[in-house]
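According to the working numbering, the sequence shown holds residues 20 to 453 in order.
No residue lacks a Cβ here, since even glycine has one placed at the ideal position from N, Cα and C.
Small disclaimer: the values here were computed from a predicted structure and weren't measured.
What follows is a single structure, written as structure tokens, with notes after it.
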Amino acid sequence: MASLNITTGLSTSFHFLHSLRQCRNLQTAVSPIVSSSYLPTSYITQKQIEIPTSPEKQAPPVQEGLGAFQKLPMVMPSIDLYCSALRKSKRVQPTKGIANIAKRERNRGAKQLDAFMKELALPLKGYMENFPRKRLLHPYERSLIELTLGEGKYEEVLGKVDFLRKKVLSVGKEHASLCAKALSKKEAEERLSEGVEKLELVFQQQGRAVDDLLSIAKVLRAMPVVDLEMPTLCLVGAPNVGKSSLVRILSTGKPEICNYPFTTRGILMGHIVLNYQRFQVTDTPGLLRRCDEDRNNLEKLTLAVLTHLPTAVLYVHDLTGECGTSPSDQFRIYKEMKERFKDYLWIDAVSKCDLLGGSPVIYAKEDRSSDDAEIIKYRETGPDESIHVSVKTEQGLSELKSKVKEVLSNEMEKIKSGDKVDQSGEEVDQSVGS
Ligand SMILES: Nc1nc2c(ncn2[C@@H]2O[C@H](COP(=O)(O)OP(=O)(O)OP(=O)(O)O)[C@@H](O)[C@H]2O)c(=O)[nH]1
Ligand SMILES: [Mg+2]
Numbered sequence: 020m021a022s023l024n025i026t027t028g029l030s031t032s033f034h035f036l037h038s039l040r041q042c043r044n045l046q047t048a049v050s051p052i053v054s055s056s057y058l059p060t061s062y063i064t065q066k067q068i069e070i071p072t073s074p075e076k077q078a079p080p081v082q083e084g085l086g087a088f089q090k091l092p093m094v095m096p097s098i099d100l101y102c103s104a105l106r107k108s109k110r111v112q113p114t115k116g117i118a119n120i121a122k123r124e125r126n127r128g129a130k131q132l133d134a135f136m137k138e139l140a141l142p143l144k145g146y147m148e149n150f151p152r153k154r155l156l157h158p159y160e161r162s163l164i165e166l167t168l169g170e171g172k173y174e175e176v177l178g179k180v181d182f183l184r185k186k187v188l189s190v191g192k193e194h195a196s197l198c199a200k201a202l203s204k205k206e207a208e209e210r211l212s213e214g215v216e217k218l219e220l221v222f223q224q225q226g227r228a229v230d231d232l233l234s235i236a237k238v239l240r241a242m243p244v245v246d247l248e249m250p251t252l253c254l255v256g257a258p259n260v261g262k263s264s265l266v267r268i269l270s271t272g273k274p275e276i277c278n279y280p281f282t283t284r285g286i287l288m289g290h291i292v293l294n295y296q297r298f299q300v301t302d303t304p305g306l307l308r309r310c311d312e313d314r315n316n317l318e319k320l321t322l323a324v325l326t327h328l329p330t331a332v333l334y335v336h337d338l339t340g341e342c343g344t345s346p347s348d349q350f351r352i353y354k355e356m357k358e359r360f361k362d363y364l365w366i367d368a369v370s371k372c373d374l375l376g377g378s379p380v381i382y383a384k385e386d387r388s389s390d391d392a393e394i395i396k397y398r399e400t401g402p403d404e405s406i407h408v409s410v411k412t413e414q415g416l417s418e419l420k421s422k423v424k425e426v427l428s429n430e431m432e433k434i435k436s437g438d439k440v441d442q443s444g445e446e447v448d449q450s451v452g453s
């Protein structure tokens, strides 16, 4: 699976060093970097930082359905985090009343190193606590993470951020303690600058994880938001059969174009308002006739929507020979989907019927030796009870709209009755997200 390139411009050591030099020159200036948009560090107490965070051991925060991506914390670029921490630590004064110069210097050095370490580690701890564990997410969001970032990438980056946090703590503590034991003013100063250099090295080598996390957060936050409590009509079918054209017809207002990060084309998401009740209508990328392992991310997205979201299906069939997938291939994809999602409320529509003549379209390359009566009938009229529509002549559209209304009202009842077991066999627990 192609994974998204999540490295950012600040991720190389060279860049880090260059920016670091600039940061040193600015050390005494008042920092505009730590603004309220970044995760504040001040709320995390001294006690919290002493307890190492283990993502797997900690009691996980409860996820409520979908929407976890919109709640992700803002992540500070690693260089900003480093410079801000350094600046703050430089302002730390020795404890008042120490007359002995050596003692005062080692007190100042140890306190500054301690502050530097904490200012670096606290935001990292905040990220570890506020980026949800993947296993606690709703299965739909889990699928999106895998499709978008590549399998295992999310956990890998979080693991690296936690490793960086632990490294900062151990190096910081070690050097603060060395500084506290210095015998002279000169030695205390040397220990302080050694400690700062060591922490700088740690960040130079491993700060890239923070920049990767920043990119991940940006990607995830940009994902389209779906409301689990609102019934959705999902348009499914082979590519080019007329799904998007029908979404436009069915939507109230202008449908929104949603770009999942791995799609090259936008996906239409709209709303239908029926009897003052709002419903979602979503387009999905076309499905081809192939097994799941060979499916691309667009097709996997379609399956994720169907598997994990409470949707009714409007399956679109194109029997005109225009769309590029033969009717018999469409029939086989359809049979498979119908079987897989057999409990779903379902509407079949045969599209582009303005182009359909009296006789069925026969593809020259189609092997018809194994055709049975069902497929022969499908080529002529589509599935039983399908509604024949055309967006060009508007044929069948009002019938389709009333069927959609009926099905979505029924879907609403299904949601209200708490019937939320998804087709992957996972119990979709709205409070814990499985
Ligand atoms: N003649 C005719 N053409 C149609 C009709 N509906 C859609 N088309 C055309 O069919 C083509 C594909 O329509 P889309 O709505 O983009 O199909 P799609 O299923 O969303 O395609 P993908 O997103 O690529 O899977 C476009 O050129 C439409 O203009 C129709 O009712 N009649
Ligand atoms: Mg489309």
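Residue i versus residue j - alpha carbon distance
i, j, result
"K153", "Y101", "28 Å"
"T114", "E124", "10 Å"
"G256", "K396", "18 Å"
"S347", "L265", "22 Å"
"C198", "L177", "31 Å"
"V260", "V410", "12 Å"
"E312", "C253", "22 Å"
"E193", "F150", "29 Å"
"G169", "L163", "9 Å"
"L416", "N315", "32 Å"
"K433", "K357", "19 Å"
"K273", "V369", "24 Å"
"K205", "I120", "10 Å"
"V456", "E148", "Not covered by the structure: residue 456. The range shown for the chain is 20 to 453."
"S263", "V215", "58 Å"
"I276", "L155", "28 Å"
"E213", "K172", "34 Å"
"K90", "L307", "35 Å"
"M242", "G86", "10 Å"
"V94", "K122", "38 Å"
Residues bridged to residue i (per DSSP)
i, result
"C253", "T301 and V332"
"I286", "C277"
"D367", "Y334"
"I406", "A368"
DSSP state of residue i mapped onto helix, strand, coil
i, result
"T271", "strand"
"L293", "strand"
"D390", "coil"
"I164", "helix"
"I120", "helix"
"H157", "coil"
"K433", "helix"
"D231", "helix"
"A201", "coil"
"S345", "coil"
"M95", "coil"
"A195", "helix"
"S54", "Here the model assigns S54 a pLDDT of 26, short of 50, so the residue's position is not dependable and the matter cannot be decided."
"N315", "coil"
"V426", "helix"
Exposure of residue i, with buried meaning 16 or more beta-carbon neighbours within 10 Å
i, result
"D403", "exposed"
"D362", "exposed"
"S189", "exposed"
"A118", "exposed"
"S103", "buried"
"V426", "buried"
"G437", "exposed"
"I235", "buried"
"K200", "exposed"
"Q349", "buried"
"C455", "Residue 455 falls outside the range modelled here, since the chain spans only 20 to 453, and no answer is possible."
"Q223", "buried"
"K319", "buried"
"V292", "exposed"
"L503", "The chain is shown from 20 up to 453; residue 503 falls before or after that span and cannot be answered."
"F182", "exposed"
"R110", "exposed"
"D337", "buried"
Pair within 8 Å by beta-carbon distance, residue i and residue j
i, j, result
"L317", "P304", "yes"
"I250", "E430", "According to the sequence provided, residue 250 is Pro. The question's Ile does not apply to it. Taking 8 Å as the Cβ cut-off, P250 and E430 qualify as a contacting pair."
"N294", "G285", "no"
"I469", "K422", "Given that the chain is displayed from residue 20 to residue 453, the structure contains no residue 469 and the question cannot be resolved."
"L375", "T339", "yes"
"A323", "Y159", "yes"
"D99", "G191", "no"
"P142", "L233", "no"
"R184", "K144", "yes"
Residue i Cβ short of 7 Å to ligand 3 heavy atom set
i, result
"G261", "As presented, the structure is devoid of ligand 3, carrying ligand 1 and ligand 2 as its sole ligands."
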